[in-house]
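Contents: one structure, followed by commentary.
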Amino acid sequence: MKKQTKTLLINLSAVFLWLVIAILLIARLILTAKNAWLYCLIALVLIPINYALSLLVHETGHVVFAAANGFKCKTVNFGLFTLDLTSGFKLSFFTFMAEDGGESLFVPTKTVTKKQLKLLAFGGLAFSFIYLLAVGLLSLAFAKEVTTVMLCGLTVAGYLLTVNALPFDKTSDGAMLINKDGYVDGLCYAQNCQLAIENGLVPEQNSIEKCKNQPICVYFDYLLAVYNQNFAKAEQTVKLLYERVEDFSYDEYYLLLPEIIYWATIKNALTEGLERRAKHLFESNLNSSAFLRAHYAYRLLKGEREWATTIKNSYDATLSKAPAFYAECESKLISQLCKG
Ligand SMILES: [Zn+2]
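If you count the sequence shown from 1, you need to add 385 to reach our numbering.
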């Protein structure tokens with residue numbers, strides 16, 4: 386089954402479960418309360434309020450546990466608004482999980498352990514659970530009708546907790562707690578590689594079997610192959626990764642797709658499917674050097690010289706700010722373009 390279909394089915398079942406509870410609560414109101422329509426109206430208003438509040442509480446849980454474990458918050462998506470701390474303090478509203486970013490991002494300040502990553506995931510779930518329990522218990526202090534209305538509004542918080550706790554998607558909080566598919570192993574290695582690179586070092590080679598071949602971990606294996614000028618291995622690695630594109634997480638997709646497109650472009654081996662993905666990718670607002678390099682190569686292949694030059698200028702500007710290891714890899718990758 387396709388990954389998106391599976392995710393959709395799981396979401397629908399979770400919606401269904403909590404919808405049934407909401408309908409039962411509404412039925413109770415209609416059968417027992419005077420002015421039932423008024424209570425139903427209030428319950429309807431409470432649903433979006435609970436949705437926004439439970440997202441806020443959930444992300445706060447991640448932020449608190451991240452801070453306690455030595456992570457620095459770069460961006461935090463609270464659902465209705467995103468807090469961007471990369472350069473100062475910036476708030477943007479209605480930035481729901483946009484395709485080109487907008488997810489919460491925590492970066493390590495010292496070596497990361499698997500336990501810390503699991504704690505980070507646990508923080509969100511724990512805060513969500515406390516919210517559900519606290520508001521649920523609080524509602525019991527009121528008259529029966531008010532209790533019912535409050536519980537009805539709370540069902541959306543129950544739904545959010547359920548989807549975050551379900552371990553079907555390897556990046557969900559629940560999946561991270563049980564290290565599904567070894568994703569936490571891969572993430573832990575990738576974060577430590579990233580940390581080393583930011584500190585001006587070359588990341589250590591790891592046995593990717595230890596990370597159960599998680600794409601996020603294979604990515605650094607690929608970069609090291611480029612760094613060591615083993616281009617045959619680099620090309621082979623991205624080819625093999627493309628076969629697993631359906632299993633990529635959101636982060637893995639935007640990290641790896643530019644590399645896959647780049648190699649296919651310079652070897653003039655773009656398939657129809659990959660070309661479709663490439664066109665879609667180039668419509669996004671990404672500005673990583675890998676993305677710009679892939680886009681540059683693609684415009685060159687299409688003979689769009691002027692467009693290619695504009696992109697090349699952005700690429701050079703991005704590169705001037707890149708850590709030494711990435712800059713070194715980029716110059717080696719671009720050299721392959723001239724050969725290809
Ligand atoms: Zn979460």
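Glycine included, every Cβ here is placed at the ideal spot set by N, Cα and C. Everything numeric in this text was worked out from a predicted model, so none of it was measured.
Alpha carbon to alpha carbon, what distance is there between L655 and Y681?
Whole-angstrom Cα-Cα distance: 15 Å.
On the premise that S439 lies in contact with A542, defined as a C-beta separation below 8 Å, what is that separation, rounded to the nearest angstrom?
With a contact defined as Cβ atoms closer than 8 Å, A542 and S439 qualify at about 4 Å.
H447 Cβ short of 7 Å to ligand 1 heavy atom set
H447: yes, Cβ under 7 Å from ligand 1.
Looking at the strands, I want to know which residues DSSP matches up with L468.
Answer is V461, L476.
Could you give the first and the last residue of the continuous alpha helix (DSSP H) run that contains L438?
Element bounds for L438: 421 to 453.
Considering only DSSP beta bridges, list what P493 is partnered with.
Looking at the DSSP assignment, P493 forms a beta bridge with F456.
Does the beta carbon of G509 fall short of 7 Å from some heavy atom of ligand 1?
Inclusion of G509 in the 7 Å shell around ligand 1 follows from its C-beta lying nearer than that to a non-hydrogen atom of the ligand.
How many whole angstroms separate the CB atoms of L580 and T694, which I take to be in contact at a CB cut-off of 8 Å?
Actually they do not touch by this definition, with Cβ atoms about 35 Å apart.
Does any residue of chain D bring its CB to less than 8 Å from the CB of T695?
Of the protein chains in this structure there is only one, and it is not chain D.
Cα-Cα separation, C723 to G446:
Looking at the two C-alpha atoms, the distance is approximately 49 Å.
Taking only the alpha-carbon atoms, compute the straight-line gap between G487 and L546 and give it to the nearest angstrom.
In this predicted model, G487 has a pLDDT of only 43, less than 50, meaning its place in the structure is not dependable; the value taken from the coordinates is given anyway. The straight-line gap separating the alpha-carbon atoms of G487 and L546 is approximately 20 Å.
Since K457 and F491 are thought to touch, with beta carbons under 8 Å apart, how far apart are those beta carbons, to the nearest angstrom?
For K457 against F491, the beta-carbon gap comes to about 7 Å, under 8 Å, which counts as contact.
Is it the case that the Cβ atoms of G464 and L429 are separated by a distance below 8 Å?
Their beta carbons are not under 8 Å apart, which means G464 does not touch L429 by this criterion.
Between which two residues does the alpha helix (DSSP H) containing G571 stretch?
DSSP places G571 in the uninterrupted alpha helix (DSSP H) bounded by 568 to 583.
Residue of L685, S674, Q721 minimising C-alpha distance to S705
It is S674 whose Cα lies nearest to the Cα of S705.
Which one of Y627, D606, E628, R629 has the shortest CA to CA distance from K335?
No information on residue 335 is available, as it lies outside the stretch 386 to 725 that the chain covers here.
Can you find the residues in the same chain that come closer than 6 Å, C-beta to C-beta, to E715, ignoring five residues on each side of it along the sequence?
S674, L704, listed in sequence order.
Pull up the distance between the alpha-carbon of F710 and that of L426, whole angstroms please.
Cα to Cα, F710 sits roughly 58 Å from L426.
Between the Cα of P708 and the Cα atoms of L409, A453, F450, G585, which residue gives the shortest distance?
Residue G585 is the option with its Cα nearest to P708.
CA-CA distance, D566 and G559?
A straight line joining the alpha-carbon of D566 with that of G559 spans about 12 Å.
Local conformation of M482 per DSSP, three classes
The pLDDT assigned to M482 is 49, lower than 50, so where the model puts this residue is not dependable; a value taken from the coordinates is nonetheless given after this. M482: coil per DSSP, three-state reduction.
Applying the 10 Å Cβ sphere with the 16-neighbour rule, what's the burial state of G538?
With 16 or more other Cβ atoms within 10 Å, it is buried.
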